[in-house]
Structure formats: structure tokens, C-alpha cells
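Asker:
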Amino acid sequence: MAKRKIPRLLQTPAVVLLLLWMLIPLGMTLYFSFIRYVLNNLRRPEWTTPSFSNWRGFGNYEYVLFHAKDFWFAVQNSLFIVGCILVGTVLLGLALAMLVNRSFRGRGIVRVLLISPFFVMPAVNAVLWINMILDPVLGLNGLAVGGINNIVNGLRDFPLLGSFFSLWPEFEPVSFRATQTSAYAVIMMVTWQWTPFAVLIFMTSLQSEDEQQKEAAILDGANAWSRFRNLTLPHLARPIAIVVMIQSIFHLSLYAEIEITSRGNGNKNLPYLIGEFTSNNIGAASAAGIFAVILANIVAIFLLRMVGKNLMD
Amino acid sequence: MAAVAQQSRFGSVFWTVLAWVVALIFFFPIFWMVFTSFKTDADAVKPEHLFLFTPTLENYLNMTENYDYWRFAKNSAITATFATLFALFVGVPCAYAMAFNPSRHTKDILVWMLSTKMLPAAAVLYPMTFLTKNFLQIFDTHFLIVLVLCLINLPIAIWMLFTYFKEIPKEIIEAGKMDGVSTWGEIKDILIPLAWGGVASTALLTFIFCWNEAYWTVRLTTTEAATLSKLIEGNRAPEGLFFGRLSAVSTAAVGPIVVLGWFCQKQLVRGLTFGAVK
Chain A
1 MAKRKIPRLL QTPAVVLLLL WMLIPLGMTL YFSFIRYVLN NLRRPEWTTP SFSNWRGFGN
61 YEYVLFHAKD FWFAVQNSLF IVGCILVGTV LLGLALAMLV NRSFRGRGIV RVLLISPFFV
121 MPAVNAVLWI NMILDPVLGL NGLAVGGINN IVNGLRDFPL LGSFFSLWPE FEPVSFRATQ
181 TSAYAVIMMV TWQWTPFAVL IFMTSLQSED EQQKEAAILD GANAWSRFRN LTLPHLARPI
241 AIVVMIQSIF HLSLYAEIEI TSRGNGNKNL PYLIGEFTSN NIGAASAAGI FAVILANIVA
301 IFLLRMVGKN LMD
Chain B
314 MAAVAQQSRF GSVFWTVLAW VVALIFFFPI FWMVFTSFKT DADAVKPEHL FLFTPTLENY
374 LNMTENYDYW RFAKNSAITA TFATLFALFV GVPCAYAMAF NPSRHTKDIL VWMLSTKMLP
434 AAAVLYPMTF LTKNFLQIFD THFLIVLVLC LINLPIAIWM LFTYFKEIPK EIIEAGKMDG
494 VSTWGEIKDI LIPLAWGGVA STALLTFIFC WNEAYWTVRL TTTEAATLSK LIEGNRAPEG
554 LFFGRLSAVS TAAVGPIVVL GWFCQKQLVR GLTFGAVK
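Here's what the structure looks like:
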């Protein structure tokens, strides 16, 4: 009796805390998503306090799905951003992990340099990229384009070749704060930050690769590409799946980067849209929140299954 | 044969150089931030001072004046430290029980804990604001931020601790039990000394995640408990006027954490993949 009791007692605080953390706010979101609830409304002041008498059924969901401007754009954009980041980090991560997975001079330092971006706080990451690097006038982006223009201008005065260069247009630096391009800025900075994560995981996994099998393949005359394609890639299938799922969950809720880059101008994702709804229409924010939970769960279920499977061995 | 060796030596130099170049490119934004932090605000935006300038420490010396840096840094340090301690305080006994006295449900509980981590924060933004502001009146307090940081990192801490504890042979703990050591004694005198490295890296990683957190620390604070994430986000668009001082404050905000991170890159894999990649 006592033998069973103590372990349970030890787990109780953690379980209770997490249970409260999950149930109370989520329960409130669920409740708010079914009632009319706005923070400011002079015409209908009764809507400004949450109450059962303002029951709206699935009205908020209907509003979010069919009438709210930006909802579908936000969903689409969330998926676009996550998709681009995933492709970028996995491809770069594979290439870099292969590159670093051999012993060479200074490997330790190279690893430290490569992993560093991952520990930069997201707010600093975004401020650094959007200002110091991507700013179209004062950032490196603007300076580089200006430099190229200067060189081209200089070349225009050359005899013979000059006529060729005078055909070149004056280059315009891309502004990444603008509506169409801010998503690319976010993709760039997050890819930079999370590629190290992919590298680290692929590298860990590469260390358990069967070396003998590889040597046998070399003796059989398999070239590097076919060794990578037929031995390494299958070996990495599982880590790739893990990287994809963990990143999906993290990046579906990107916020700070989007806020800092353009304040959601032309580049909203679902969490950002929920944040905007929250400034007044709580009903709609909650309904959109439930959609975000569903979207995250689709990924999470796969991940949890995979993680759970090899938990006890 | 000689030709092959020659070629592979050339190949090996080539790949080494490439690895170095790529690593330097990846590190470049951080280098650039640190580099810019030693320029005056005026120099920082002049192309002629891109690489050549007189380095100055004024941006660092004026951090308090310009940004009130230390107040935010203090808040970050306090909240991250206490959230980490609290997470360990709750997490160690839990992981201990799960690792040494697993029941039929242990696996399900662990997976469920992880699932709480996957709840999108935005979905519960308003309820959290409402509860803490109107109901509990703990909005913008250190207590709230400690609690939230602890809760969002607790699943990862428990998972990490669990994977470390599982590596300890059960017999050692059992032997302690035979000798009539209390549960608390088992944890304090047997478990923690044995799993010291695991506990330390869990603490380190939890601390890093707390420090870098940028959603709740920004949404649930105004001034009192505002952390460095909030400070930086509040100065998001200086339009080129303050690149120097902004770089300095950013460097100060991430510097210690990046260095800490170097020490726990291996544990990161364990902590973020929940033991699924070995």
C-alpha cells in the first residue's frame, strides 16, 4: 500500500500543475468561443461581460471561417512560412551535418560557431536581421546593393565594355518590411536560427551510422551520392521526421519575429491574427484559438506517437 | 593508388575549408551584431565606417541610461532562475518516481505532459490575461512569470530528467531502500549525486529556454516584471538611428546565454527530441 502511495504522491504536484495549466485556460477559451464577447461595444454593453445569456453557438466559428477578413490568409501564410522553414532547415541541416561529420582541424570550433544562432533569443534575432542586416538603406542589404551600383556605375565609363554596362539597370534593394516580402524576412531569420538544431540532431544520428556497411559499399564501388542516397538517408529518416514535427509545432506559433518584422503587415499567421482579435473580439479570438489548437494537434499526434513508441526501451 | 590519395587529400582540404566558410557565414550575423556594438550610432550607419572605425565602449557604458538595461536583465535573471529551480523542485521527484517505480500509466502520463507543451500559446492568450489581470491580480508580477515559465518548461525538464534517471541501475536505489533510507534521503543522497550531470544540464537548458521565451514574458507584463525579450521587442524599429546602442544591448542580452549554450549542445538533443534521437 505504502509502496504504491509514495511514487504517486511524488508525481502529484507536477501532474496537478500541468492539468490546471491545460484545463483552465483552454476551458475558458472553449467557453468564450461559444458566446458573444467583445471588450468594447457601446451599442450592446451586455456583450462586454462573459455570460451564458450571450450564447452564440457556432456563430463565432462561422464568423471566423467565412466572414473574418484575413483568416484564410493567416492559415495559408502560417503553412507557407512553416513549409519554407522546414524545407530550408532540413536541406541545409543535412548538407551541414554531412560536412561536419568528419574529423578535421578545428572541428570543435566549427561546431560551436554553427550552433550559436540557436541560442540567440527570438526578439534579438528579429531585431538584428530586420535592422542591421536586411534594412534596405542602412543595413548590409542596402549597403551591398549600393556598392554594386557604384561598381556598375564605374564600369559604365570604360571604353568598349562601358556600353554593355550602361544597359544594366540601377539595382533597387528589396525592403523586407513591405507587405509582400516580410514573410521572406521571417523565413530567413528563423531558418538561420533553426538550421543549427537540425544539424545537431542529424549529427548525433550520423554518429550511430553503421561504418562497416559504408566501407562495404565503398569496396563494391558505390559512389558518394549513392552511398548517401541508399545508406545515410534511410538511416536519417527518423531524425528528419522528428525535426520536421518539432519544428512544425514551434513555428506554427511564431509570434515575436512577425511582430518585430512588420507588425503583421501583410504577414500574419494564425497566432498573430488571434492576437489582433484579442484586442476586441474575444469570441472570434477564442474560435480562432480552437482552430489553432486543432492545427497543432494534427502534427502533435504523430510526434507523440513516435516519441511514445520508443519511450520505454 | 597514389593518384587517389592525392585526390582525397585535396578533397579533404576542400571540405575542411568549406566547413569553415559555412560556419563563419552562419556565425556572421552574431559577429556583426557584436562588431556594430562597438561603433557609435553615427558610425554604425555610414558605409565608409563599415569596417574601419574607432571602437568605443560608450554603447555599453550608456546601456542603463539608454535602455534601463539592468532592470530588465535583473527581471530576466530572477524569473529564469526561480522558474528553473521551481521546475527542478517539482520535476525531480516526479521523474524519480516515474523512472524507479513506473506504473502502467507512466508512459501515458509522460506523453500527456509533453502534449501540454504543444498547446499553441495564442489560443489561451485572452483567458490568461483575464485570469491574471481581473481575477487573480498577479498580472505583471515576477510570481506570474516564474509560474508560467516553469509550467511551459516543466514537461521538457521532466522528460530530460526521466531519461537521465533511467540510466541509473535500479539496484542502487533499491539498496538504499533496504537500508531504510527515506524517500527524501534517496533523492538527496543517492539519486542527485549519481545523476548530477543530468540534473545540471536539465537546469542549464531550462534556464536558457526561460531566458529566451518571447511570448508570455511580453504579453503578461507591462513594466514591473518585463524581461529582456520585452525590452528588445519594444525597440524593434529604430530606423537606423540607434544601430550602435541597439547592437550593444542585444549583445548584452544574448551573450551570456550563447556561451552557456555552447556547454550544453549535446544535452540539447536529448532535451528537444524527448529521447527520440540517440
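For the protein sequence lines, the chains are A and B, in the order given.
Residue numbers for the first sequence follow our numbering, so the first one is 1 and each next one is one higher.
Residue numbers for the second sequence follow our numbering, so the first one is 314 and each next one is one higher.
Each residue gets a CB set at the ideal place from its N, CA and C atoms; glycine is no exception.
Would you verify that the beta carbon of residue 219 of chain A is, or is not, closer than 7 angstroms to some beta carbon of chain B?
Answerer: Judged by the 7 angstroms Cβ criterion, residue 219 of chain A is not in contact with chain B.
Asker: So, with DSSP's three-state summary, where would you put residue 35 of chain A?
Answerer: strand
Asker: CB-CB under 7 angstroms to residue 123 of chain A, same chain, minus the five flanking residues each way: which ones, in chain order?
Answerer: 256, 260
Asker: Pick from A/147, A/42, A/17, A/61: whose alpha carbon is nearest that of residue 283 of chain A?
Answerer: A/61
Asker: Relative to the alpha-carbon of residue 89 of chain A, which residue among A/272, A/248, A/262, A/258 has its alpha-carbon at the smallest distance?
Answerer: For residue 89 of chain A, the closest of A/272, A/248, A/262, A/258 by C-alpha to C-alpha distance is A/248.
Asker: Any idea if residue 180 of chain A is buried or exposed, counting beta-carbon neighbours within 10 angstroms, 16 or more meaning buried?
Answerer: exposed
Asker: Assign residue 543 of chain B to buried or exposed, taking buried as 16 or more other Cβ atoms, counted over all protein chains shown, within 10 Å of its Cβ.
Answerer: Only buried fits residue 543 of chain B, as 16 or more other CB atoms lie within 10 angstroms of its CB.
Asker: Kindly indicate which residue of A/80, A/118, A/95 has the alpha-carbon position closest to the one of residue 225 of chain A.
Answerer: Ranking the options by Cα distance to residue 225 of chain A, first place goes to A/95.
Asker: Closer than 6 angstroms to a non-hydrogen atom of the ligand NAP - does that hold for the CB of residue 271 of chain A?
Answerer: With respect to the ligand NAP, the structure shown offers nothing to examine, as it has no ligands at all.
Asker: Along the chain, where does the alpha helix (DSSP H) that runs through residue 569 of chain B open and close?
Answerer: 556-576
Asker: Could you spell out the range, first to last residue, of the alpha helix (DSSP H) harbouring residue 650 of chain B?
Answerer: Since the first residue shown for chain B is 314 and the last is 591, residue 650 of chain B is missing from the structure and cannot be characterised.
Asker: Could you work out which residues of chain B lie near residue 215 of chain A, taking near to mean beta carbons separated by less than 7 angstroms?
Answerer: Result: empty, since nearest Cβ-Cβ is about 15 angstroms, beyond 7 angstroms.
Asker: Any beta-carbon of chain B closer than 7 angstroms to the one on residue 33 of chain A?
Answerer: no
Asker: Measure from the alpha carbon of residue 267 of chain A to the alpha carbon of each residue in A/158, A/184, A/56, then state which is nearest.
Answerer: A/184
Asker: Excluding five sequence neighbours on each side, which residues of the same chain lie with their C-beta closer than 7 angstroms to the C-beta of residue 182 of chain A?
Answerer: 176, 261, 262, 265, 266, 267
Asker: Does the Cβ-Cβ distance between residue 437 of chain B and residue 26 of chain A come in under 7 angstroms?
Answerer: yes
Asker: What is the C-beta distance between residue 592 of chain B and residue 362 of chain B, in whole angstroms, given that I count them as a contact (C-beta under 8 angstroms)?
Answerer: Since the displayed chain B opens at 314 and closes at 591, residue 592 of chain B lies outside it and no answer follows.
Asker: Measuring alpha carbon to alpha carbon, tell me which residue in A/169, A/168, A/137 is nearest residue 554 of chain B.
Answerer: A/137
Asker: In three-state terms, what does DSSP make of residue 319 of chain B?
Answerer: Any reading at residue 319 of chain B must be qualified, since the residue scores a pLDDT of 48, below 50, and its modelled position is unreliable; no value is offered.
Asker: Starting from residue 55 of chain A, follow its DSSP beta bridges and name the residues at the other end.
Answerer: A/35
Asker: Would you mind reading off the limits of the alpha helix (DSSP H) that contains residue 121 of chain A?
Answerer: For residue 121 of chain A, there is no enclosing alpha helix (DSSP H), since its DSSP letter is neither H nor E.
Asker: Check whether chain B comes within 7 angstroms of residue 29 of chain A, counting only Cβ atoms and requiring the distance to be less than that.
Answerer: With 7 angstroms as the cut-off, residue 29 of chain A counts as an interface residue toward chain B.
Asker: Would the region 10-18 of chain A count as touching the region 393-410 of chain B if we require 3 or more Cβ pairs under 8 angstroms?
Answerer: yes
Asker: What residues in its chain sit with their C-beta under 6 angstroms from that of residue 147 of chain A, if we drop five residues either side in the sequence?
Answerer: Correct list: empty, nothing qualifies.
Asker: Just to confirm, is the Cβ distance from residue 74 of chain A to residue 270 of chain A under 7 angstroms?
Answerer: yes
Asker: Can you give me the C-alpha to C-alpha distance between residue 317 of chain B and residue 204 of chain A, rounded to a whole angstrom?
Answerer: The predicted position of residue 317 of chain B is uncertain, since its pLDDT is 43 and thus under 50; a value taken from the coordinates is nonetheless stated next. When rounded, the distance between both Cα atoms is 30 angstroms.
Asker: With the cut-off set at 7 angstroms, would you say residue 253 of chain A and residue 513 of chain B are in Cβ contact?
Answerer: no
Asker: So, for residue 441 of chain B: in the same chain, excluding its five sequence neighbours on each side, which residues have a beta-carbon less than 6 angstroms away from its beta-carbon?
Answerer: Taking residue 441 of chain B as the centre and dropping the five residues before and after it, the same chain places no C-beta closer than 6 angstroms to its C-beta.
Asker: If we cut at 7 angstroms on Cβ distances, does residue 63 of chain A have a partner in chain B?
Answerer: no
Asker: Taking residue 459 of chain B as the query, report the chain A residues whose CB atoms sit under 9 angstroms from its CB, ordered along the chain.
Answerer: Those within 9 angstroms of residue 459 of chain B in chain A number zero; the least Cβ separation is about 13 angstroms.
Asker: What would DSSP say about residue 1 of chain A, mapped onto helix, strand or coil?
Answerer: Confidence is the limiting factor: at residue 1 of chain A the pLDDT is only 41, short of 50, which leaves the residue's position unreliable and the question unanswerable from this model.
Asker: Measuring CA to CA, which of B/412, B/570, B/368, B/430 is closest to residue 483 of chain B?
Answerer: Ranked by Cα distance from residue 483 of chain B, the options B/412, B/570, B/368, B/430 are led by B/412.
Asker: Among A/302, A/297, A/309, A/288, which one has its Cα closest to the Cα of residue 34 of chain A?
Answerer: Nearest of A/302, A/297, A/309, A/288 to residue 34 of chain A, Cα basis: A/288.
Asker: DSSP state of residue 196 of chain A, grouped into three classes?
Answerer: helix
Asker: Since residue 242 of chain A and residue 187 of chain A are thought to touch, with beta carbons under 8 angstroms apart, how far apart are those beta carbons, to the nearest angstrom?
Answerer: No, residue 242 of chain A and residue 187 of chain A are not in contact; Cβ-Cβ is about 21 angstroms, not under 8 angstroms.
Asker: I need the DSSP call for residue 281 of chain A, collapsed to helix, strand or coil.
Answerer: Of the three classes helix, strand and coil, the one that applies to residue 281 of chain A here is strand, per DSSP.
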